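**Student:** Mind looking over this structure? Questions follow.
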Ligand code: ADP
Ligand code: MG
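Numbering (the working numbering), first residue to last: 30 to 195.
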């Protein structure tokens with residue numbers, strides 16, 4: 030496991046962090062977004078989508094009631110928002126296996142709702158509200174394949190002047 034924390038002063042930084050991560054994602058990657066309502070999970074998903082090459086004119090909004098949205102970019106993207114999922118068994122109505130175990134990328138808001146279905150090898154982003162417009166964002170890479178790419182991502186983040194370091 031490797032991790033780094035970025036203190037983002039505003040939403041441009043959170044978006045950019047998502048965009049940079051999106052540029053490093055590969056088929057089969059799962060990104061779990063942890064944080065309270067309003068922490069910026071959907072905003073970061075928008076950044077990830079752009080980093081994956083989903084065109085700017087395609088709006089990325091949260092599938093709060095439908096649970097899953099899909100986008101096409103450099104890779105196929107499943108965006109899951111499980112806030113209203115009351116029981117993991119309700120997943121059976123959704124293409125969650127394709128989303129989590131296929132050759133697409135899955136970005137998940139409220140991953141705690143997945144219980145044991147959440148893959149152990151994944152990216153975790155922990156979002157903490159530190160002020161009206163500031164967020165502490167911890168990126169955690171779990172699994173050997175992700176750890177190598179983490180180093181490249183961390184280097185890229187550290188090179189950004191717009192992003193205050195840890
Ligand atoms: P969530 O999906 O976690 O409920 P959203 O992304 O929908 O959160 O909303 C986050 C809200 O917080 C947006 O209105 C956004 O403009 C605002 N915001 C302010 N500062 C930040 C920041 N640094 N990062 C992310 N969102 C921010
Ligand atoms: Mg959301």
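Ideal Cβ placement from N, Cα and C applies to all residues, glycine included.
Quantities reported herein were computed from a predicted structural model and do not represent experimental measurements.
1) So the candidates are 92, 111, 35; which of them puts its Cα closest to the Cα of residue 144?
2) Within 10 angstroms of the Cβ of residue 44, are there 16 or more other Cβ atoms? Answer buried if so, exposed if not.
3) Give me, in chain order, the residues of the same chain whose beta-carbon lies closer than 6 Å to that of residue 62; leave out the 5 immediate sequence neighbours on both sides.
4) At what residues does the alpha helix (DSSP H) containing residue 127 begin and finish?
5) Tell me whether the stretch 86-105 and the stretch 169-184 touch, counting them as touching only if at least three CB pairs, one residue from each stretch, are closer than 8 Å.
6) Near residue 73, what residues of its chain come up, given a Cβ to Cβ distance below 6 Å and the 5 sequence neighbours on each side ignored?
7) Counting only runs that start and end within the stretch 140-195, where is the beta strand (DSSP E) found for 3 or more residues in a row?
8) Spell out the partners DSSP gives residue 83 in its beta bridges.
9) Could you spell out where the beta strand (DSSP E) holding residue 116 opens and where it closes?
10) Using the C-alpha atoms, what's the distance from residue 179 back to residue 195?
11) Here's the rule I'm using: 16 or more other beta-carbon atoms within 10 Å means buried, otherwise exposed. How should residue 85 be labelled?
**Tutor:** Put simply:
1) As a position in the chain shown, residue 144 is number 115, starting the count at 1. Of 92, 111, 35, the residue nearest in Cα terms is 111.
2) Residue numbering aside, residue 44 sits at position 15 when the chain shown is read from its first letter. It counts as buried.
3) The residue given as residue 62 occupies position 33 in the chain shown. Closer than 6 Å at Cβ, skipping near neighbours: 70, 138, 154.
4) On the chain shown, position 98 is the one that residue 127 refers to. Residues 125-130.
5) no
6) Translated into positions along the chain shown, residue 73 becomes position 44. Same-chain partners within the cutoff: 43, 47.
7) 152-158, 164-170
8) Numbered from 1 along the chain shown, position 54 holds the residue referred to as residue 83. Looking at the DSSP assignment, residue 83 forms no beta bridge with any residue, so it has no partner.
9) For the purposes of this step, residue 116 is taken as the residue at position 87 of the chain shown. Careful: residue 116 lies outside any beta strand (DSSP E) and carries neither H nor E.
10) For the purposes of this step, residue 195 is taken as residue 166 along the chain shown, with counting starting at 1. For the purposes of this step, residue 179 is taken as residue 150 along the chain shown, with counting starting at 1. The pLDDT assigned to residue 195 is 49, lower than 50, so where the model puts this residue is not dependable, and the model offers no usable value.
11) For this step, residue 85 is matched to residue 56 along the chain shown. Flag for residue 85 reads exposed.
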